[in-house]
Amino acid sequence: MRKENKILVTKIGDIEEADVIFDDNNNLYLYSFSGEDEFYRLDGAYKIFDNKEQAEEYVRENIIPFDKNKVKEYLTKRYEVNSIREMEDILPDSIIKRFSRPFLHICDLGSIQYGLLRNALKGIFCINAITFRKEEVAYIKHGKDDWVEITLKDGTKVTPRNEDENLIILWCFGGNPSGVHYTNIKKPVETEED
């Protein structure tokens, strides 16, 4: 085993001097920030370089630099739109992916989504222009791509017309853990909204 001084780049772009220990096969084994006695195993979030110039070049090319015009554009657009999904043109894909569907925050809801959720919490649903109470639901069939079809106790079949309505049903009644689905139930072709 041998110890060398290297330059470490953290996942957020900080550049630090580090003492690195290599094993007998020349693989990186442990690292410690220079001057510290605690050593850590390297994970995928950190990169090691021979000199500071290489580390700075890596940060410039791979970690998005702070651009005050982009931040200004983001803040301006944030007050104009109702959802982070409407900001795909200015945000990196990683942000959109992280904060889309599974991580939706109540503040990201638009007025229509907010109304659907508010009523659903009271047990009232308005799906595809049909209003019903939670107690009126006989069963729910799950189709392709998590799309649902609701059957009411009076036999009326209700299919959500958009993702917002479908998502409200999934939130309130749960998803489909069975692994099977009805092939004839799928997202409808876009309809014109008035």
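Using the working numbering, the letters of the sequence shown map in sequence onto residues 216 to 409.
We put the beta carbon where it would ideally sit given N, CA and C, even for glycine.
Here the structure is a predicted model, which means the values were calculated and not measured.
> With asparagine 266 and isoleucine 222 assumed to form a contact (beta carbons below 8 Å), what rounded beta-carbon distance in angstroms separates them?
Replying inline: Within the sequence shown, residue 266 is the residue found at index 51, counting from 1. Within the sequence shown, residue 222 is the residue found at index 7, counting from 1. Yes, asparagine 266 and isoleucine 222 are in contact; Cβ-Cβ is about 6 Å, under 8 Å.
>> Spatial neighbours of glutamate 253 within its chain, please: C-beta separation below 8 Å, excluding the five flanking residues on both sides.
In response: As a working mapping, residue 253 is identified with position 38 in the sequence shown. Within the same chain, glutamate 253 has close Cβ partners Ser247.
> Just how far apart, CA to CA, sit leucine 382 and isoleucine 236?
Replying inline: Within the sequence shown, the letter at position 167 stands for residue 382. Within the sequence shown, the letter at position 21 stands for residue 236. Straight-line Cα distance between these residues: approximately 51 Å.
> According to DSSP, which residues form a beta bridge with histidine 357?
Replying inline: Here residue 357 corresponds to residue number 142 of the sequence shown, with the count starting at 1. According to DSSP, histidine 357 bridges with Val363.
> Assuming valine 373 contacts isoleucine 400 under a Cβ cut-off of 8 Å, what Cβ separation, rounded to an integer in Å, is found between them?
Replying inline: Position 158 of the sequence shown, counting from 1, holds the residue named residue 373. Position 185 of the sequence shown, counting from 1, holds the residue named residue 400. 12 Å between Cβ atoms; not a contact.
> What residues match up with aspartate 369 in a beta bridge as DSSP calls it?
Replying inline: The residue given as residue 369 occupies position 154 in the sequence shown. According to DSSP, which records beta bridges pairwise, aspartate 369 is partnered with nothing at all.
>> So, with DSSP's three-state summary, where would you put isoleucine 384?
In response: Position 169 of the sequence shown, counted from the start, is the residue given in the question as residue 384. Reduced to three states, the DSSP call for isoleucine 384 is helix.
> Going by C-alpha distance, which of Ile227, Glu351 and Ala233 is nearest isoleucine 278?
Replying inline: Working through the sequence shown from its first residue, we reach residue 278 at position 63. Ranking the options by Cα distance to isoleucine 278, first place goes to Ile227.
> Which whole-angstrom value describes the C-beta separation of glutamate 380 and lysine 368, a residue pair presumed to lie in contact below a C-beta threshold of 8 Å?
Replying inline: Within the sequence shown, the letter at position 165 stands for residue 380. Within the sequence shown, the letter at position 153 stands for residue 368. Rounded, the Cβ-Cβ distance is 20 Å, inconsistent with contact.
> Where tryptophan 386 and aspartate 361 are concerned, what is the direct C-alpha to C-alpha distance, given to the nearest angstrom?
Replying inline: Indexing the sequence shown from 1 puts residue 386 at position 171. Indexing the sequence shown from 1 puts residue 361 at position 146. Rounded to whole angstroms, tryptophan 386 to aspartate 361 spans 12 Å at the Cα level.
> Between the beta-carbon of isoleucine 365 and the beta-carbon of isoleucine 339, is there less than 8 Å?
Replying inline: One-based indexing of the sequence shown puts residue 365 at position 150. One-based indexing of the sequence shown puts residue 339 at position 124. No.
>> Does isoleucine 339 come out as helix, strand or coil in the three-state DSSP assignment?
In response: Along the sequence shown, read from residue 1 onward, the residue named residue 339 stands at position 124. Note: isoleucine 339 maps to strand in three-state DSSP.
> Expressed to the nearest angstrom, what Euclidean distance is found between the alpha-carbon atoms of proline 255 and phenylalanine 347?
Replying inline: Sequence index remark: in the sequence shown, residue 255 carries index 40 (1-based). Sequence index remark: in the sequence shown, residue 347 carries index 132 (1-based). A small correction: the amino acid at residue 255 is tyrosine; proline does not occupy that position in the sequence shown. Near 58 Å, if we compare the C-alpha coordinates of phenylalanine 347 and tyrosine 255.
> By Cβ distance below 7 Å, which residues in the same chain neighbour lysine 287 in space, the five residues on each side in sequence not counted?
Replying inline: Reading the sequence shown from its first residue, position 72 is the one you call residue 287. For lysine 287, where only same-chain residues beyond five positions count, there are no Cβ hits under 7 Å.
> So glutamate 231 and threonine 225 are in contact, right, with Cβ under 8 Å, and what is the actual spacing, rounded?
Replying inline: In the sequence shown, residue 231 corresponds to position 16, counting from 1. In the sequence shown, residue 225 corresponds to position 10, counting from 1. About 7 Å separates the two Cβ atoms, so the contact holds.
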